[in-house]
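In this text, residue positions in the sequence shown follow my numbering: the first is 32, and each later residue adds one. Please read the structure below before turning to the comments.
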Amino acid sequence: MQIRTPKKYQGVQRRSIIGCRRLAFYLMTLALIAIGIAVVLNRATLAPIVQNAVYDFIGQLEDTAATMAVPAPTPTVDPRNSLVEANNYWLSGALNQSTDLYTDIAKSMPNSVEIYRRIALGLINASRYDEAIEYGERAINADPFDADAWAIYAWALDWNKRASEALAKALHALELDPANSRAGAYLAEVYSSLGQAERAELLLQDLLDAAPDSAEGIRARGLLKWNRNDFAGALEDFKRAYSLADNMSYIAVDIAIIEKDLGNFETAQEFLQQVVDADPYNPHALFRLGEIAVSFEGNPARAMRHLQNCVDLNPGYLYCHFMLGRAQERLGSIEDAAASFARAIELGSDNPQHYYWAGYSQILLGNCARAMAYLEPGLGFARASVPPKFAADIEAIIPDCDPAYIGRAALEGA
């Protein structure tokens, strides 16, 4: 049975004329209208504020875009593998290859004195003396108290015919380390360059008494003997120095030059070939191989191979340009020879032999004006050399262009 319970009377609910949502909408609309009217009435005041806000927003967007466009930083190159490779080249005597690698490594290791020293030595070996001086300075800047750095800087200056400047640097190296055999040896070479052979000899005696296995000291003593025409003594010292530092190819070249001067051409070529096998870009070895082929073997075609490699790989080495001209002249290419002789002089040669051949090649080409432009300064260099060299040779060919010329020999005979 279901019991019905009467419902309580609730009355009739009436809808509001304006709902809450509709009222809020109307109020917001009125507010926006009021804001719009206020903006219009006060646009002179509000415009800069709005403009600045817009500019700030745009600036933030540009900064964000620029930051997003910047590439991710690259990791620092680890030079250790290249350093091992460079050291291996150095120890094997491939000084040019090692120098190139050390130069790249130096960018990652700017405070390594040893790297700068080796670069300077390698550049001296390549006859790039100005660059060697630059890296000698860098070695000093990396460590101003390193005696070896000052010594190598002095040596680079001496090779660049700046012995007076080199003297102060070498003396300072010994001040920093009086027992430094490299500094003592290089100072002895500077003394020799300055014509103070006796002083150099005394210095080397003390040095080699204290450090008998100094390769630099033994080589410096060999240079003194060589200058005294003691070829046997010089050769003995050079071979001893090379046995102590067989990666220093310039010592092998010294040996080859003496062997050549003694007429032992095959022995000289063997030493030079050892250098080229280890260091294919060595200008001194390539020049001497070319010289032997031209002047002693009479084989200019073979010389051309060595000398063309030399000028291609070392375009600033003037001696290879000169000897290339000799080979070209032997092969009948007079125009090419004249260009090679001229290039040697452009690179700074003051060797009267180079001026003789430059002038003679122009005579063969019928260019007397250009020939005299070489022969006249060449004669000055020849007369100033001690002993005078090529003066008589130059005087002998000047009349081909100037028949009225009377040479010194003719005047003396009158």
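Glycine included, C-beta positions come from ideal geometry on N, C-alpha and C.
Exercise for the section: May I have the straight-line CA-CA distance separating Ile376 from His385, to the nearest angstrom? Expected result: Position 345 of the sequence shown holds residue 376. Position 354 of the sequence shown holds residue 385. In a straight line, the C-alpha of Ile376 is about 7 Å away from that of His385.
Problem - Spatial neighbours of Val144 in its chain, beta-carbon cut-off 8 Å, leaving aside the 5 residues before and after - result: The residue labelled residue 144 in the question sits at position 113 within the sequence shown. Leaving aside the five residues that flank Val144 on each side, the residues in its chain whose CB is nearer than 8 Å to its CB run, in chain order, Ala170, Ala173, Asp174, Asp177, Asp179 and Ala180.
Exercise for the section: Pull up the distance between the alpha-carbon of Glu360 and that of Ala368, whole angstroms please. Expected result: For the purposes of this step, residue 360 is taken as residue 329 along the sequence shown, with counting starting at 1. For the purposes of this step, residue 368 is taken as residue 337 along the sequence shown, with counting starting at 1. One C-alpha to the other measures close to 5 Å.
Exercise for the section: Report the rounded CA-to-CA distance for Gly397 versus Met403, giving the unit in angstroms. Expected result: Mapped onto the sequence shown, residue 397 falls at position 366. Mapped onto the sequence shown, residue 403 falls at position 372. Rounded to whole angstroms, Gly397 to Met403 spans 12 Å at the Cα level.
Problem - Buried versus exposed call for Gln236 [16 or more other C-beta atoms within 10 Å across all chains shown] - result: In the sequence shown, the residue the question calls residue 236 occupies position 205. Under this definition Gln236 is an exposed residue.
Exercise for the section: Could you tell me the boundaries of the alpha helix (DSSP H) in which Met335 lies? Expected result: Looking up residue 335 in the sequence shown gives position 304. Unbroken alpha helix (DSSP H) run through Met335: Pro331 to Leu344.
Problem - Reduced DSSP category for Arg159 - H, G, I as helix; E, B as strand; rest coil - result: As a position in the sequence shown, residue 159 is number 128, starting the count at 1. In the structure shown, Arg159 sits in coil (DSSP, three-state: anything other than H, G, I, E or B).
Problem - Length of the line joining the Cα atoms of Asp424 and Trp388 - result: For the purposes of this step, residue 424 is identified with residue 393 of the sequence shown, where counting begins at 1. For the purposes of this step, residue 388 is identified with residue 357 of the sequence shown, where counting begins at 1. Each residue's alpha carbon lies about 10 Å from the other.
Practice task
Excluding the 5 residues preceding and the 5 following Leu395 in the sequence, name in chain order all residues of the same chain whose CB lies nearer than 6 Å to its CB.
Solution key: As a position in the sequence shown, residue 395 is number 364, starting the count at 1. Only Ile365 meet the Cβ criterion.
Problem - In chain order, each alpha helix (DSSP H) run of at least 4 residues that lies wholly inside the stretch 265 to 310 - result: 280 to 292 and 296 to 309
Handout entry: Environment of Ile446 [buried if 16+ CB atoms lie within 10 Å]
Key = One cannot answer for residue 446 here, as it falls past the ends of the chain, which runs 32 to 445.
Practice task
Please go through the same chain and pick out, in chain order, the residues whose beta-carbon is closer than 8 Å to the beta-carbon of Leu202, but skip the five residues on each side of it.
Solution key: Counting from one through the sequence shown, the residue named residue 202 turns up at place 171. Hits under 8 Å: Leu218.
Handout entry: Which of helix, strand or coil DSSP assigns to Glu366
Key = On the sequence shown, position 335 is the one that residue 366 refers to. Looking at Glu366 - three-state DSSP - the assignment turns out to be helix.
Handout entry: Where Cys432 sits in the DSSP three-state scheme
Key = Position 401 of the sequence shown, counted from the start, is the residue given in the question as residue 432. Three-state result, Cys432: coil.
Practice task
In angstroms with no decimal places, state the Cα-to-Cα distance between Ala435 and Arg336.
Solution key: Numbered from 1 along the sequence shown, position 404 holds the residue referred to as residue 435. Numbered from 1 along the sequence shown, position 305 holds the residue referred to as residue 336. The alpha-carbon atoms of Ala435 and Arg336 are separated by roughly 42 Å.
Problem - Span separating the alpha-carbon of Glu206 from that of Ala214 - result: Indexing the sequence shown from 1 puts residue 206 at position 175. Indexing the sequence shown from 1 puts residue 214 at position 183. Each residue's alpha carbon lies about 10 Å from the other.
Exercise for the section: Would you kindly report the start and end of the unbroken alpha helix (DSSP H) that includes Gly449? Expected result: No answer is possible for residue 449: it lies beyond the span of the chain, which begins at 32 and ends at 445.
Problem - Length-filtered (4 minimum) alpha helix (DSSP H) runs lying within the stretch 182 to 231 - result: With a minimum length of 4 residues, the continuous alpha helix (DSSP H) runs that stay inside the stretch 182 to 231 are 194 to 207 and 212 to 224.
Handout entry: C-beta atoms of His352 and Ser371 nearer than 8 Å
Key = Locating residue 352 in the sequence shown gives position 321, where the first residue counts as 1. Locating residue 371 in the sequence shown gives position 340, where the first residue counts as 1. Taking 8 Å as the Cβ cut-off, His352 and Ser371 qualify as a contacting pair.
Exercise for the section: With Asp131 as the anchor, note down where its alpha helix (DSSP H) starts and where it stops. Expected result: On the sequence shown, residue 131 is found 100 positions in, with the first residue counted as 1. Where Asp131 is concerned, the enclosing alpha helix (DSSP H) stretches over Leu126 to Ala137.
Exercise for the section: Compute the beta-carbon to beta-carbon distance between Leu344 and Tyr312, rounded to the nearest angstrom, for a pair I have assumed lies under 8 Å. Expected result: For the purposes of this step, residue 344 is taken as residue 313 along the sequence shown, with counting starting at 1. For the purposes of this step, residue 312 is taken as residue 281 along the sequence shown, with counting starting at 1. Confirmed, about 5 Å.
Practice task
Going by CA-CA distance only, name the one from Leu254, Ile183, Ala373 and Asn191 that's closest to Tyr160.
Solution key: Taking the sequence shown and counting its residues from 1, the one referred to as residue 160 is at position 129. Closest option to Tyr160, Cα to Cα, is Asn191.
Handout entry: Nearest neighbour of Gln304, chosen from Ala283, Glu247 and Leu198 [CA to CA]
Key = Taking the first residue of the sequence shown as 1, we reach residue 304 at position 273. Closest by alpha carbon: Ala283.
Practice task
For Val115, count neighbouring C-beta atoms within 10 Å of its own C-beta (all shown protein chains included) and say buried if the count is 16 or more, exposed if not.
Solution key: Counted from its first residue, the sequence shown places residue 115 at position 84. So Val115 counts as exposed.
Problem - Range covered by the alpha helix (DSSP H) that runs through Gly390 - result: In the sequence shown, residue 390 corresponds to position 359, counting from 1. Its alpha helix (DSSP H) spans residues Pro383 to Leu395.
Handout entry: Beta-carbon proximity list for Tyr120, same chain, < 8 Å, skipping 5 on both sides
Key = The residue you call residue 120 lines up with position 89 of the sequence shown. Short of 8 Å from the beta carbon of Tyr120, and not among the five residues preceding or following it, lie these beta carbons of its own chain, in chain order: Leu126, Gln128, Ser129 and Leu132.
Problem - Burial state of Gly444 (16 or more Cβ within 10 Å) - result: Taking the first residue of the sequence shown as 1, we reach residue 444 at position 413. Residue confidence is low: Gly444 scores 47 on pLDDT, short of 50, so the model does not pin down where it sits. Its coordinate-derived value is still stated next. When all chains shown are included, Gly444 counts as exposed.
Problem - Lys256 - containing alpha helix (DSSP H), residue span - result: Taking the first residue of the sequence shown as 1, we reach residue 256 at position 225. Its alpha helix (DSSP H) spans residues Ala246 to Asn258.
Problem - Cβ pair Ala422, Arg414 closer than 8 Å - result: As a first step, residue 422 is located in the sequence shown; it is residue number 391 there, counting from the start. As a first step, residue 414 is located in the sequence shown; it is residue number 383 there, counting from the start. Contact flag set, yes.
Exercise for the section: Report yes if the CB atom of Ala216 is closer than 8 Å to the CB atom of Ser245, and no otherwise. Expected result: As a working note, residue 216 is residue 185 in the sequence shown. As a working note, residue 245 is residue 214 in the sequence shown. Contact annotation: Ala216 and Ser245 have beta-carbon atoms nearer than 8 Å.
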